[in-house]
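A.B. asks: Questions regarding the structure given below will be posed in turn.
4 protein chains.
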Amino acid sequence: MRVGVLTGGGDCPGLNAVIRAVVRKGVQEYGYDFIGFRDGWRGPLENDTVPLDIRAVRGILPRGGTILGSSRTNPLKSEDGIRRVKETLVKQEVDALIAIGGEDTLGVAARLSGDYGLRCVGVPKTIDNDLSATDYTFGFDTAVNIATEAIDRLHTTAESHMRVLVVEVMGRHAGWIALHSGLAGGANAILLPEQRFDVDQVCAWVESRFKIRYAPIVVIAEGAMPRDGDAVLKDDTLDSFGHVRLSGVGEWLAKEIEKRTGKEARTTVLGHVQRGGTPSAFDRWLATRFGLHAIDAVRDEDFGKMVALRGTDIIRVPLAEATARIKTVDPSLYAEAEVFFG
Amino acid sequence: MRVGVLTGGGDCPGLNAVIRAVVRKGVQEYGYDFIGFRDGWRGPLENDTVPLDIRAVRGILPRGGTILGSSRTNPLKSEDGIRRVKETLVKQEVDALIAIGGEDTLGVAARLSGDYGLRCVGVPKTIDNDLSATDYTFGFDTAVNIATEAIDRLHTTAESHMRVLVVEVMGRHAGWIALHSGLAGGANAILLPEQRFDVDQVCAWVESRFKIRYAPIVVIAEGAMPRDGDAVLKDDTLDSFGHVRLSGVGEWLAKEIEKRTGKEARTTVLGHVQRGGTPSAFDRWLATRFGLHAIDAVRDEDFGKMVALRGTDIIRVPLAEATARIKTVDPSLYAEAEVFFG
Amino acid sequence: MRVGVLTGGGDCPGLNAVIRAVVRKGVQEYGYDFIGFRDGWRGPLENDTVPLDIRAVRGILPRGGTILGSSRTNPLKSEDGIRRVKETLVKQEVDALIAIGGEDTLGVAARLSGDYGLRCVGVPKTIDNDLSATDYTFGFDTAVNIATEAIDRLHTTAESHMRVLVVEVMGRHAGWIALHSGLAGGANAILLPEQRFDVDQVCAWVESRFKIRYAPIVVIAEGAMPRDGDAVLKDDTLDSFGHVRLSGVGEWLAKEIEKRTGKEARTTVLGHVQRGGTPSAFDRWLATRFGLHAIDAVRDEDFGKMVALRGTDIIRVPLAEATARIKTVDPSLYAEAEVFFG
Amino acid sequence: MRVGVLTGGGDCPGLNAVIRAVVRKGVQEYGYDFIGFRDGWRGPLENDTVPLDIRAVRGILPRGGTILGSSRTNPLKSEDGIRRVKETLVKQEVDALIAIGGEDTLGVAARLSGDYGLRCVGVPKTIDNDLSATDYTFGFDTAVNIATEAIDRLHTTAESHMRVLVVEVMGRHAGWIALHSGLAGGANAILLPEQRFDVDQVCAWVESRFKIRYAPIVVIAEGAMPRDGDAVLKDDTLDSFGHVRLSGVGEWLAKEIEKRTGKEARTTVLGHVQRGGTPSAFDRWLATRFGLHAIDAVRDEDFGKMVALRGTDIIRVPLAEATARIKTVDPSLYAEAEVFFG
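Top line first, the protein sequences correspond to chains F, X, D and S.
Under UniProt numbering, think of the first position of the first sequence as 1, with each following residue one higher.
Under UniProt numbering, think of the first position of the second sequence as 1, with each following residue one higher.
Under UniProt numbering, think of the first position of the third sequence as 1, with each following residue one higher.
Under UniProt numbering, think of the first position of the fourth sequence as 1, with each following residue one higher.
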């Protein structure tokens, strides 16, 4: 058996831990051969490969990023893409493919698996934790730890100067990182993409905090939106390259707070530091277990599935279901956190 | 409503986060009063209390330890203990009690609740993660992170000198910390209390590692035992005070490895650093949610219960069941890890 | 003897360690009384004080920020400011004043000491490390560690996506943080305020890096300037509040790199996280020693002086000299680093 | 020019940073060739080499340990050792040798350089910071940071249980790590090899601490000795292999404190974690600069010298002087710290 492995989408701490576990168990227990595809689906599309054996995965467990590289290339959007992917797999004599990625990467795997009979097993990866089929995805815990440490640091600077500090964390469509790091960091307001926020309410929380001589920290997901601010935000948040600007909603909010409360406010945008570096112990453990179970699914020829965490168990779910909808923060969970606002 | 709070047993990162959440929600949402009892069950036993209000819990979220102090005092073992506890609760006009602790502390709560009608809600706390009613206990993730960081550091020293490094981690009866930190740290052998180990097998793993010019790391739980080493170990592991010696099974194993393989071996005993300091983001989040749900149970007058984590939900389970048996590492989970040994 | 203490300017890890050392030694060895002034020179100006004794400094050693608060208030710029400061000191029966701060705060101390006979001892504080009279200031090592950790994290994300990552660190007038964190983090280009940079040169370094399949990291001080970019930068870097925008020179450079090389580039602005949180061991040690020597200077009635680090010794230098000019990065030091560029 | 490089003695964070800087500058600026010798002086003794070029040093800056391996092999003690070392150097066409190591490794370099005309440049390395010719050695700052973090963690556990915690840190002959981490961690007693300690005095400090409801932390260097405890200690501290036992003076002291004060005491021995893992930013910077200046010394043919830190400058000192005596903690520095005891 010869197994291909690829990693797609944004990088995420724990990718290398998955790759290592897949290869270690595949080689040692099942006697499989492996081949790595470079840069996600670009690898099979362009027949760009890298050798993958026990030696290649040595020492990579604690390393962030992915030794296979990553990209957002989508063969479904490329002319003749599917034919070229299949051609590569035949040429490379690949019997099964393990695709490690998020919604997009696994969506391709689901299509190739469902419609074209590709023998594919998926491993979920999203730092945003927004895949509905699994309790957690690896990378998320690391990101939350990094954001929480940053909030811890910002508390002292906020209090020394009696300033408002707005911390913008990742999360375009789901506010998991904001919710968890905001709770863990003792934020005085947490703003999510799931629920439009009211700037006056935020200002009220901010002011109630100053009344007891504490300086407020506001944690905001990059995808959070003010109740009526669409027009205002638009120009500010997209740059000439069409990227979301570094100076997004967090900076906008800090200025609004300054205007409305007269208090100094500063913004910190955590950005890419949240997704780099060595994975937390939880993420290494989860990624390793995902890898072990993914190669077991290959051995069981249980294709078209994705491994997932349910409680403390690793289970298998259909790829098609797994990527059907994103998992957002439930209103009841957000309501739980509100006791700490203000 | 006036609610008493106590923390018992070994200290654990996250205790303060529970106390803060209980008080914040209890005061702000339900208008309750609070009183803290000092040093676990010693507080109610000796009527030793400390004021507990919003101001008292400010800034304690990131702090390790417990502002209430802790002890292993057991009122069931003290003459007239139950009468004295009840007397204190009457004197202090306590309507309900939240007990935060492990098997022993919650065992007392279960007895007082079941046999004596005390209105009690439990919050599980054990750094060892060995309570069967909950997926995880807070403190565990912090301990695993600390142990993993230490293993990361030891890899470099092991490899520079081509030595065996034996790392002894916490876990008298259950090997969760050893299993998780061993997997996350890339250990070459993991030894648990749940399964007697064979020193020759360990030596074989160690030697296979040297053959590829890598230096092995062996992670061992303090409660792990060699297959036939009871007599040998006995004298070595208990000191004149009856404490388990610092130089326990880890040091013993390092010497055996030196004798049998001729390779240099060194031991590191992580000890109390595993249970101190600021909690990880996961533990702050879990402890905070436990606190919020514990005060909800009080409001619901749902006494005799313990809060617990099931998947990503906080549920309530009967105190009596919760403490009935310890949760050990399942052999299948241990078997999963074995692919990385040697 | 009654000694006043104040902390001025931007907050900085280690301020509390200085205060603690001053008070512990002052009370225990010399039997002095202390009084804290709130928010730098605003305290004496407005007679705003806070009690300061052994109990007040307990547990503050590892805490970032300052228990006395800080501000940039300058009594020399306030009408009648000097008279009001002197009045407060008489009213509070203060015999000597320890001022902990940077160029501005100590500049005031120098003036009050030189021209008005105030009995004043200074302790240097600048996270930027740009005071000429001392080898290092506390806070700097912490900031460099935080920036280095961030760069470590960004390496993995840069490499997984083959992107350029631009990291903007603190340093308006001196590039010490950029130089040290860039060297420690293995940056492929380091840009300082001391020397205008050539965007084409930066692009050449960036491209030489891609040629060997590595992704480049560019570390840039917030005060660095392109050779010919003044006009271009101006509008982009000041916001409507007159603050330097979050999206400053780093973001500008990332866009230029994208334009000129066609490679994707991203920016991370570390911002306030660099100055918050617990001080590094070096900063705690340095701040503590500064505190011990400052109170010794008071006892010796050696006023008008500032404590400073020279090698491993703490010495005293005249306040007037100490604040005369800022210490910038020597061209020879910068040249040393250039071997790692590209 | 062909330059050999070796690393000897105990491993130390920053070794790889030196090697990288030496090779990067040597190749890029001076066009030199390099060859690595394995495991310190064992390499030249046994002609055991490893290729060393730009590619070999890629990515090693943040990695602990040494890619060249290390040992305590001393060619002066080996029969015919000097002849064999010289033979290897001739055979490998080595024109100059950079030896990175502590007292022993550099002592060999000094002898070979002085008596046998070997063209040798030394780089000082000792985690203990006890080389007299340099203000600091790399590795020391990392060790102090790790020990300080551990002390921070132990404070919370000490206070929750009102126990004494004894922390044993590295330092056989000099107490620098104990002094710096003890000061930075807020220890209530610091015990060094330089000055015999009085157990009753330690107990008095411990008890004065409990009186104000704080739990004491005692930091002790592994080489510290009680005033009259030689006989007592002897049997306890050497094991059957002749190694210093894990359970050394720290554990002995904890027991004495228990006996004399009746308070519970626990010991933590930090051990090898202090010397492993990624170097601190300071150590990466210092090690990098040492490397750059060492290769400059080779280019200047300024042999028989060691690079050293003096203030913020890197200077060169004669190898012979550099290793003549160890640098111990000055009594005046220790006296400074005493204000925090008790």
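Glycine included, each C-beta is placed from N, C-alpha and C at the ideal position.
Since the structure is predicted, the reported quantities are computational estimates derived from the model, not experimental observations.
Can you grab the Cα-Cα spacing for the pair N145(D) / A17(D), in whole Å?
C.D. replies: The sequence position of residue 145(D) within the third sequence is 145, counting from 1. The sequence position of residue 17(D) within the third sequence is 17, counting from 1. Taking the straight line from one Cα to the other gives about 18 Å.
A.B. asks: Which whole-angstrom value describes the C-beta separation of residue 349(F) and I67(F), a residue pair presumed to lie in contact below a C-beta threshold of 8 Å?
C.D. replies: Residue 349(F) lies beyond the stretch modelled for chain F, which goes from 1 to 342, so this question has no answer here.
A.B. asks: Give me the residue from T156(F), H173(F), A150(F), F197(F) with the minimum Cα distance to G182(F).
C.D. replies: The count along the first sequence starts at 1 and reaches residue 182(F) at position 182. Minimum Cα distance to G182(F) is reached at A150(F).
A.B. asks: Rounded to a whole number of angstroms, what is the C-alpha to C-alpha distance between A21(D) and V218(S)?
C.D. replies: Against the third sequence, residue 21(D) aligns to sequence position 21. Against the fourth sequence, residue 218(S) aligns to sequence position 218. A21(D) and V218(S): Cα-Cα distance of roughly 19 Å.
A.B. asks: Determine whether the beta carbon atoms of G223(X) and R172(X) lie at a separation below 7 Å.
C.D. replies: If you number the second sequence from 1, residue 223(X) lands on position 223. If you number the second sequence from 1, residue 172(X) lands on position 172. Yes, the pair counts as a contact, with Cβ atoms nearer than the cut-off.
A.B. asks: Need the endpoints of the beta strand (DSSP E) that C120(F) sits in, please.
C.D. replies: On the first sequence, residue 120(F) is found 120 positions in, with the first residue counted as 1. Looking at the DSSP string, the run of the beta strand (DSSP E) that includes C120(F) is 120-124.
A.B. asks: Under 8 Å Cβ to Cβ from residue 343(D), same chain only, skipping five residues before and after it: list those, please.
C.D. replies: No answer is possible for residue 343(D): the residues shown for chain D start at 1 and end at 342.
A.B. asks: What are the residues in the stretch 110-141 of chain F lying within 7 Å of chain D by C-beta distance?
C.D. replies: none
A.B. asks: When you compare only the Cα positions, how much space is there between S240(S) and E256(X)?
C.D. replies: Position 240 of the fourth sequence, counting from 1, holds the residue named residue 240(S). Position 256 of the second sequence, counting from 1, holds the residue named residue 256(X). Reliability of the predicted coordinates at S240(S) is poor, the pLDDT of 41 falling under 50, and the value obtained from them is presented with this limitation in mind. Near 12 Å, if we compare the C-alpha coordinates of E256(X) and S240(S).
A.B. asks: Assign D115(S) to buried or exposed, taking buried as 16 or more other Cβ atoms, counted over all protein chains shown, within 10 Å of its Cβ.
C.D. replies: Within the fourth sequence, numbered from 1, the residue matching residue 115(S) stands at position 115. Exposed, because fewer than 16 other Cβ atoms sit within 10 Å of the Cβ of D115(S).
A.B. asks: Counting only Cβ-Cβ distances shorter than 8 Å, please list the residues of the stretch 200-223 of chain X near chain S, keeping chain order.
C.D. replies: none
A.B. asks: Which value, in whole angstroms, describes the spacing of the CA atoms of R84(D) and T156(F)?
C.D. replies: Position 84 of the third sequence, counting from 1, holds the residue named residue 84(D). Position 156 of the first sequence, counting from 1, holds the residue named residue 156(F). Roughly 30 Å separates the two Cα atoms.
A.B. asks: List the residues of chain X whose Cβ lies closer than 7 Å to the Cβ of Q28(F), in chain order.
C.D. replies: Counted from its first residue, the first sequence places residue 28(F) at position 28. The answer, in chain order, is V339.
A.B. asks: Quick check on the burial criterion: 16 or more other C-beta atoms within 10 angstroms. Buried or exposed for L165(S)?
C.D. replies: Position 165 of the fourth sequence, counting from 1, holds the residue named residue 165(S). Per the 10 Å Cβ criterion, buried.
A.B. asks: From F340(F), T323(F), K327(F), pick the residue whose C-alpha is nearest to that of G107(F); which is it?
C.D. replies: Numbered from its first residue, the first sequence carries residue 107(F) at position 107. For G107(F), the nearest C-alpha among the options comes from T323(F).
A.B. asks: Quick one: grab the DSSP three-state call for D33(S).
C.D. replies: Taking the fourth sequence and counting its residues from 1, the one referred to as residue 33(S) is at position 33. In this structure, D33(S) counts as strand in the three-state DSSP scheme.
A.B. asks: Per DSSP, which one or two residues make a beta bridge with K305(D)?
C.D. replies: Here the question's residue 305(D) lines up with position 305 in the third sequence. Its beta-bridge partners are V121(D), P318(D).
A.B. asks: Taking Cβ-Cβ distances shorter than 9 Å, what residues in chain X pair up with T66(F)?
C.D. replies: Position 66 of the first sequence, counting from 1, holds the residue named residue 66(F). Ordered by position in chain X, no residue passes the 9 Å Cβ test against T66(F), which lies about 17 Å from the chain.
A.B. asks: Are L192(S) and A221(S) close, meaning C-beta to C-beta below 7 Å?
C.D. replies: For the purposes of this step, residue 192(S) is taken as residue 192 along the fourth sequence, with counting starting at 1. For the purposes of this step, residue 221(S) is taken as residue 221 along the fourth sequence, with counting starting at 1. Yes. Within cutoff.
A.B. asks: Where does V90(X) land, buried or exposed, given buried means 16+ other C-beta within 10 angstroms?
C.D. replies: Numbered from its first residue, the second sequence carries residue 90(X) at position 90. So V90(X) counts as exposed.
A.B. asks: Between the C-alpha atoms of F138(X) and G271(S), what's the straight-line distance to the nearest angstrom?
C.D. replies: Taking the second sequence and counting its residues from 1, the one referred to as residue 138(X) is at position 138. Taking the fourth sequence and counting its residues from 1, the one referred to as residue 271(S) is at position 271. Straight-line Cα distance between these residues: approximately 27 Å.
A.B. asks: Can you say whether R55(D) is buried or exposed, counting buried as having 16 or more other CB atoms within 10 angstroms of its CB?
C.D. replies: Reading the third sequence from its first residue, position 55 is the one you call residue 55(D). The residue is exposed, with fewer than 16 neighbouring Cβ atoms inside 10 Å.
A.B. asks: Just the Cα atoms here: how many angstroms apart are P279(D) and Y334(D)?
C.D. replies: If you number the third sequence from 1, residue 279(D) lands on position 279. If you number the third sequence from 1, residue 334(D) lands on position 334. If you take the alpha carbons of P279(D) and Y334(D), they lie about 26 Å apart.
A.B. asks: Quick one: grab the DSSP three-state call for R38(S).
C.D. replies: Translated into positions along the fourth sequence, residue 38(S) becomes position 38. Looking at R38(S) - three-state DSSP - the assignment turns out to be coil, as it is neither helix nor strand.
A.B. asks: Do the CB positions of A109(X) and E159(X) come within less than 7 Å of each other?
C.D. replies: Numbered from its first residue, the second sequence carries residue 109(X) at position 109. Numbered from its first residue, the second sequence carries residue 159(X) at position 159. Result no, Cβ atoms of A109(X) and E159(X) do not sit closer than 7 Å.
A.B. asks: Please return the same chain residues whose Cβ sits closer than 6 Å to the Cβ of S332(F), not counting the five positions on each side in sequence.
C.D. replies: What you label residue 332(F) is simply residue 332 of the first sequence in a count that begins at 1. Within the same chain, S332(F) has no close Cβ partners at all.
A.B. asks: Skipping 5 residues on each side, what residues in its chain have a beta carbon closer than 6 Å to that of K25(D)?
C.D. replies: Within the third sequence, the letter at position 25 stands for residue 25(D). Within the same chain, K25(D) has close Cβ partners L292, I295.
A.B. asks: Is there a Cβ of chain X sitting closer than 7 Å to that of W285(F), yes or no?
C.D. replies: The residue labelled residue 285(F) in the question sits at position 285 within the first sequence. For W285(F), the answer is yes, since a Cβ of chain X falls inside 7 Å of its Cβ.
A.B. asks: Mind listing, in chain order, the continuous alpha helix (DSSP H) runs of no fewer than 4 residues lying wholly within the stretch 91-178 of chain S?
C.D. replies: List check, alpha helix (DSSP H) in window: 103-116, 140-161.
A.B. asks: Just to check my reading of the structure: D53(X) and V23(X) have Cβ atoms closer than 8 Å, yes? What is that Cβ distance to the nearest angstrom?
C.D. replies: The count along the second sequence starts at 1 and reaches residue 53(X) at position 53. The count along the second sequence starts at 1 and reaches residue 23(X) at position 23. Between V23(X) and D53(X) the Cβ distance is about 7 Å, and since that is below 8 Å, they are a contact.
A.B. asks: Mind checking whether V317(D) and A96(D) have CB atoms under 7 Å apart?
C.D. replies: Here residue 317(D) refers to the residue found at position 317 when the third sequence is read from its first residue. Here residue 96(D) refers to the residue found at position 96 when the third sequence is read from its first residue. No, the Cβ-Cβ distance between V317(D) and A96(D) is not below 7 Å.
A.B. asks: Starting from P51(F), follow its DSSP beta bridges and name the residues at the other end.
C.D. replies: Mapped onto the first sequence, residue 51(F) falls at position 51. Beta-bridge pairing links P51(F) to I35(F).
A.B. asks: May I have the straight-line CA-CA distance separating L238(S) from I212(X), to the nearest angstrom?
C.D. replies: Indexing the fourth sequence from 1 puts residue 238(S) at position 238. Indexing the second sequence from 1 puts residue 212(X) at position 212. Here L238(S) scores only 47 on pLDDT, less than 50, and its place in the model is too uncertain to base an answer on.
A.B. asks: Alpha carbon to alpha carbon, how far is L15(X) from E264(X)? Give it in angstroms, no decimals.
C.D. replies: Taking the second sequence and counting its residues from 1, the one referred to as residue 264(X) is at position 264. Taking the second sequence and counting its residues from 1, the one referred to as residue 15(X) is at position 15. Using only the alpha carbons, I get a separation of about 41 Å.
A.B. asks: On the premise that V121(X) lies in contact with K305(X), defined as a C-beta separation below 8 Å, what is that separation, rounded to the nearest angstrom?
C.D. replies: Residue 305(X) sits at position 305 when you count from the first residue of the second sequence. Residue 121(X) sits at position 121 when you count from the first residue of the second sequence. The Cβ separation is near 6 Å, so the contact holds.
A.B. asks: Is it the case that the Cβ atoms of G311(D) and G311(S) are separated by a distance below 7 Å?
C.D. replies: Looking up residue 311(D) in the third sequence gives position 311. Looking up residue 311(S) in the fourth sequence gives position 311. Yes, Cβ-Cβ distance for G311(D) and G311(S) is below 7 Å.
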